[in-house]
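Just so you know, we're using the working numbering here: the sequence shown kicks off at 9 and counts up by one.
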Amino acid sequence: MDRPSGTLYVVSTPIGNLEDITLRALRIFREVDLIAAEDTRRTGLLLKHFGIEKPLTSYFEGNELKKREFILSQLTEGKDIALASDAGTPGISDPGFRLIRLAIEKKISVVPIPGPSAVITALSIAGLPTDAFFFKGFLPHKSKKRRDLLGELAEVRETLIFYESPHRISESLQDIFELLG
């Protein structure tokens, strides 16, 4: 008889304040067999803060090809795994979506554990229309590509939302101001 597959839990984590973690996320972290984390150091600090000891494996853009086969094999062996990004919801502008897609294709149960989301948090306090918005993810690193993209988006009427690195925020805001007003 085939052993049932485990479950991949997509767990949202705090985006700046550890008190934003949900009780359900903490329970899932305590119950799973393994936690696949974008940054094991950061997730390790979160777990330590809440007294949770679980094995961690890294899963980020630089190692995803190698690690996703390991994670999928653990899931097909019946292990339950939590997927956690640095902050916010895995799969939103990070490589988690590719692992999630493969799990779905392999008919592995994928369960979202909702919580903090930088997109919705920022939108909720921006004072901009929230009935329709366009989320682009991270802007391109290179100025020309970023400016080209912003030029294409100038015709979009919905509220625009981007992620940006603190290291490029000034340059990106200048480009946004010049091209979008």
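Backbone N, C-alpha and C define an ideal beta-carbon position, used for all residues, glycine too.
Buried or exposed by the 16-neighbour rule on C-beta atoms within 10 Å, applied to residue i
i	result
R154	buried
A162	exposed
V119	exposed
V19	buried
P98	buried
L54	buried
Residue i - DSSP class collapsed to helix/strand/coil
i	result
M9	Here M9 scores only 48 on pLDDT, less than 50, and its place in the model should not be relied on; the value that follows carries that caveat. Correct three-state label for M9: coil.
V118	strand
T138	coil
F170	strand
L16	strand
A130	helix
T21	strand
G86	coil
K144	strand
A111	helix
A92	strand
Reference residue i; option with closest CA among the options
i	options	result
A92	R176, P124 and K144	P124
S173	A126, I121, L187 and S20	A126
F141	L168, P122 and P148	L168
R38	L158, K150 and A90	A90
P148	S101, R109 and R165	S101
Assess, as a yes-or-no matter, whether the region 112 to 119 is touched by the region 63 to 78 under the definition of 3 or more beta carbon pairs within less than 8 Å.
-> With the cut-off at 8 Å, the region 63 to 78 and the region 112 to 119 do not touch.
Segment contact, 8 Å Cβ cut-off, at least three pairs: the region 54 to 62 with the region 124 to 132 | No: fewer than three Cβ pairs fall under 8 Å.
Taking 8 Å as the threshold, find out whether the region 15 to 32 comes into contact with the region 132 to 148 through three or more Cβ pairs.
-> Verdict: no, contact absent.
Between the region 11 to 21 and the region 72 to 86, are three or more C-beta pairs nearer than 8 Å?
-> The region 11 to 21 makes contact with the region 72 to 86: 3 or more CB pairs, one atom from each, lie closer than 8 Å.
3-residue-minimum beta strand (DSSP E) runs that sit fully inside the region 36 to 70, ordered along the chain = You should have 42 to 45 and 64 to 66.
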